Amino acid sequence: MLTPASHVRPAPHAQRWYTLASWLVILLGLLHNAVFVSGSMLNVVRRQSSPVYQSMKEYKIDLIGTHSLLKFYDGFSLTMGCLLILLGTLNLLVSRSLPLPALRAAALFNAVACLLLTALSLVYFHLLATSFFVLALAGYALCYVRSQRLPS
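Take a look at the structure:
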């Protein structure tokens, strides 16, 4: 519920950390999709001759139609990149209009989400992706901590 105190605008330094973290999420999504698309285009011949890709292409999954494992892999990978871009963009769009309590809540939510993504990234992804998630986590956490020091 909005109260008169909830209309307090965040301090610029807290807002900057939130904005930086959101841009890092967008950049990771853009880099992921750019590398995926350029790698797919450049490695078409190698992919066709690779036993791993051939196995993935030949392995069929019946799920409301028949699809190859390679198609699922490609689709999930591109979807992940798009979702990162969309999440970061959504955060940028709403951050400028959020009152201080809502920005704190959004920063905390995003920090927890980045913590989860960092844990998953440590297990499944490479160091660059993990680094982006750690930096975004730090940005959202700093926004949360710095915005709490402000009078509300």
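Quick note: the sequence shown uses numbering that gives the first Met the number 0, first residue 0, plus one each step.
Where is the CB? At the ideal position from N, CA and C, for every residue including glycine.
These numbers come from a predicted model, not from an experiment.
How many angstroms separate the CA atom of residue i from the CA atom of residue j?
| i | j | result |
| --- | --- | --- |
| Val24 | Val133 | 10 Å |
| Asn109 | Leu82 | 14 Å |
| Leu127 | Leu30 | 10 Å |
| Val93 | Ala101 | 10 Å |
| Phe37 | Asp61 | In the sequence on display, residue 37 carries Ser and not Phe. Rounded to whole angstroms, Ser37 to Asp61 spans 29 Å at the Cα level. |
| Leu136 | Leu121 | 14 Å |
| Gln14 | Tyr72 | 36 Å |
| Ser146 | Gly28 | 27 Å |
| Leu69 | Trp16 | 38 Å |
| Lys59 | Leu77 | 20 Å |
| His125 | Leu119 | 11 Å |
| Cys113 | Gly74 | 22 Å |
| Pro50 | Ala140 | 44 Å |
| Ala33 | Leu85 | 15 Å |
| Gly64 | Ser48 | 26 Å |
| Gly138 | Tyr123 | 23 Å |
Who are the near neighbours of residue i in its chain, counting only those whose CB is closer than 7 Å to its CB and skipping five residues on each side?
| i | result |
| --- | --- |
| Leu91 | Thr18 and Ser21 |
| Leu116 | Phe132 |
| Tyr143 | Arg103, Ala106, Leu107 and Ala110 |
| Thr88 | Ile25 |
| Lys56 | Ser67 and Leu69 |
Nearest chain D C-beta to residue i closer than 8 Å, yes or no?
| i | result |
| --- | --- |
| Lys56 | As a matter of chain content, chain D is missing from the structure shown, which is built from one protein chain. |
Quick check on residue i: does DSSP put it in helix, strand or coil?
| i | result |
| --- | --- |
| Ile25 | helix |
| His66 | strand |
| Pro100 | helix |
| His31 | helix |
| Ala10 | coil |
| Phe124 | coil |
Relative to the C-alpha of residue i, which candidate in the options has its C-alpha closest?
| i | options | result |
| --- | --- | --- |
| Gly80 | Leu97, Leu26, Ser130 and Gln53 | Leu26 |
| Pro11 | Tyr123, Ser96, Leu85 and Ser130 | Ser96 |
Starting from residue i, follow its DSSP beta bridges and name the residues at the other end.
| i | result |
| --- | --- |
| Lys59 | Ser67 |
Excluding sequence positions up to five away, which residues of its chain have a Cβ less than 6 Å from the Cβ of residue i?
| i | result |
| --- | --- |
| Leu1 | Note on Leu1: pLDDT 46, under 50, position unreliable in the model; the coordinate value appears next. Excluding residues within five positions, none has a Cβ falling inside 6 Å. |
| Phe35 | Ser76 |
| Ser54 | none |
If you drop the 5 nearest sequence neighbours on each side, which residues of the same chain put their C-beta closer than 8 Å to that of residue i?
| i | result |
| --- | --- |
| His66 | Lys59 and Ile60 |
| Ser130 | none |
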